[in-house]
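S.K.:
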Amino acid sequence: DYNEFVQKARKTLGVDVDSFYNFAFAGHVKAGKSSLINSIRGITKNHPDAAPVGVTECTQEIKFYTFPDKKFPNVRFYDIPGSGTMRHTSKNYYNDKMLHAFNCLIILVQNTLCEEEVLFAKTALNYNQPVVFVRSRCDSDLDSLEKNGEIEERTQEMVNQLISKLAQVYAKEVETRAPELKHVPCFFVSSISLRNLVSGKFNSGNTFYYQEAKFLEYLTLQSRHGKNVVN
Ligand SMILES: Nc1nc2c(ncn2[C@@H]2O[C@H](COP(=O)(O)OP(=O)(O)OP(=O)(O)O)[C@@H](O)[C@H]2O)c(=O)[nH]1
Ligand SMILES: [Mg+2]
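Under UniProt numbering, the first residue of the sequence shown carries the number 1, and numbering increases by one thereafter.
Pasting the structure below:
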């Protein structure tokens, strides 16, 4: 039975839903899951308690992180190994990683919404689990566009236009290919911008902002739904 199945996963992974609101950051290998967790916590990968980040397959074990400054003491961020590798194949990823154990599933997506992330989201909806897509590394997209000569001078205005274009393409793709996911939000972010935002360095250098503020707002609202979360 469904409840028993979820309870069992929570017990196995030690996920405590009575005292904490638990977000799982899952998705394709190298999509930027661990970096995003570090940024939300306002720290860099060099912090002693940071989630490990790297260019090769990196996160191997499910591990949770909290806010270093105890700002939201009842929220836990679970870092999940990336999917689509030989060790963590995408086929049974949702069940293998027991993603149904968590209060909310954050799926990091690749450049294009792919088969695997659509499958994870559909599974989450079947479990009535809140789910969102996050496309991180937007700053890298801009770097590529600039290197290819597709864009010239970067401005926040131009970034806003790019994001609305990306959001339109995404919405159309979902509408035609996976209409059951049309209510699943998708946030376009950069871990670098998000960390600047969290640490109050809003106007730092040539940092541009995508949908980091919207995403943070989502996390706050979502965690408040957890009955025992007192922020
Ligand atoms: N420019 C840029 N680089 C990023 C961003 N997010 C992650 N990266 C880089 O992308 C690489 C992978 O980041 P991770 O955070 O380790 O990705 P992951 O999804 O946790 O990877 P696995 O645990 O191996 O699945 C690292 O070299 C990061 O520095 C981002 O928003 N912008
Ligand atoms: Mg990782």
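Yeah, the Cβ is synthetic: ideal placement off N, Cα and C, and Gly gets one too.
#1: Can you look up Arg195 in the DSSP assignment and give me helix, strand or coil?
#2: Does the structure place the segment 98-116 close enough to the segment 25-36 that three or more beta carbon pairs sit under 8 Å?
#3: So which of Ser35, His47 and Ser83 has the shortest CA-CA distance to Val53?
#4: Cα-Cα, which of Thr56, Lys45, Phe72 and Phe77 is closest to Val15?
#5: Determine, using beta-carbon pairs with one atom in the segment 129-141 and one in the segment 66-74, whether at least three such pairs fall under 8 Å.
#6: Starting from Val134, trace the beta strand (DSSP E) both ways and give me its first and last residue.
#7: Determine the closest residue to Val6 out of Leu194, Met98 and Ser144, with distance taken between C-alpha atoms.
#8: How do the segment 162-180 and the segment 40-58 stand: do at least 3 beta-carbon pairs fall below 8 Å, yes or no?
#9: Taking only the alpha-carbon atoms, compute the straight-line gap between Ala171 and Gly32 and give it to the nearest angstrom.
#10: Going by CA-CA distance only, name the one from Thr66, Leu13 and Glu175 that's closest to Val118.
#11: Nearer than 7 Å: is that true of the beta carbon of Ser164 relative to any heavy atom of ligand 1?
#12: Which residues share a DSSP beta bridge with Ala26?
#13: Since Glu212 and Val189 are thought to touch, with beta carbons under 8 Å apart, how far apart are those beta carbons, to the nearest angstrom?
#14: May I ask you to report which of helix, strand or coil DSSP gives Phe20?
#15: Quick one, which of Thr66, Phe64, Ile107 and Lys63 has its alpha-carbon nearest Leu83's?
#16: Verify the contact flag: Asp1, CB atom, against every heavy atom of ligand 2, threshold strictly below 7 Å.
#17: Between the alpha carbons of Gln161 and Thr12, how many angstroms are there, rounded?
#18: Closer than 7 Å by C-beta to Asn228: which residues in its own chain qualify, once you throw out the five before and the five after it? Chain order, please.
#19: Assuming contact is defined by CB atoms lying nearer than 8 Å, are Phe208 and Arg154 in contact in what I supplied?
#20: What residues in its chain sit with their C-beta under 7 Å from that of Lys182, if we drop five residues either side in the sequence?
#21: Considering only the beta carbon of each residue, do Asp79 and Thr59 sit closer than 8 Å?
#22: Should Tyr65 and Ser223 be called a contact, given that it needs their Cβ atoms to be closer than 8 Å?
#23: Which residues mark the beginning and the end of the beta strand (DSSP E) in which Val6 is found?
M.R.: Reading from the atomic positions:
#1: In the three-state scheme derived from DSSP, where H, G and I count as helix and E and B as strand, Arg195 is classed as helix.
#2: Yes, since at least three Cβ pairs between the segment 25-36 and the segment 98-116 fall closer than 8 Å, the two stretches touch.
#3: Nearest C-alpha to Val53 among Ser35, His47 and Ser83: Ser35.
#4: The closest CA to that of Val15, considering only Thr56, Lys45, Phe72 and Phe77, is found on Phe77.
#5: The count of Cβ pairs closer than 8 Å, one atom from the segment 129-141 and one from the segment 66-74, stays below three, leaving the stretches out of contact.
#6: For Val134, the uninterrupted beta strand (DSSP E) run begins and ends at Val131 to Arg135, by DSSP.
#7: That would be Met98, whose Cα lies nearest to the Cα of Val6.
#8: Short answer: they don't touch.
#9: Their Cα atoms are separated by approximately 22 Å.
#10: Selected option, being the one with the closest Cα: Glu175.
#11: Within 7 Å of the C-beta of Ser164 there is not a single heavy atom belonging to ligand 1.
#12: Under DSSP, the beta-bridge partners assigned to Ala26 are Ile107.
#13: Your pair Glu212 and Val189 checks out as a contact, with CB atoms roughly 5 Å apart and the cut at 8 Å.
#14: In the structure shown, Phe20 sits in coil (DSSP, three-state: anything other than H, G, I, E or B).
#15: Note that residue 83 is Ser in the sequence shown, not Leu. Closest by alpha carbon: Ile107.
#16: Because no heavy atom of ligand 2 lies under 7 Å away, the Cβ of Asp1 does not count as near it: no.
#17: Within the model, the alpha-carbon separation for Gln161 versus Thr12 is close to 45 Å.
#18: Note that Asn228 scores 47 on pLDDT, short of 50, meaning its location in the model is unreliable; the coordinates nonetheless yield the value given after this. Counting only Cβ-Cβ distances below 7 Å, and skipping sequence neighbours, we find Asp18, Ser19 and Asn74.
#19: Their beta carbons are under 8 Å apart, which means Phe208 touches Arg154 by this criterion.
#20: For Lys182, where only same-chain residues beyond five positions count, the Cβ hits under 7 Å are Val174 and Glu175.
#21: Cβ atoms of Asp79 and Thr59: closer than 8 Å.
#22: Cβ atoms of Tyr65 and Ser223: not closer than 8 Å.
#23: From DSSP, Val6 is part of no beta strand (DSSP E) but of the alpha helix (DSSP H) over Tyr2 to Leu13.
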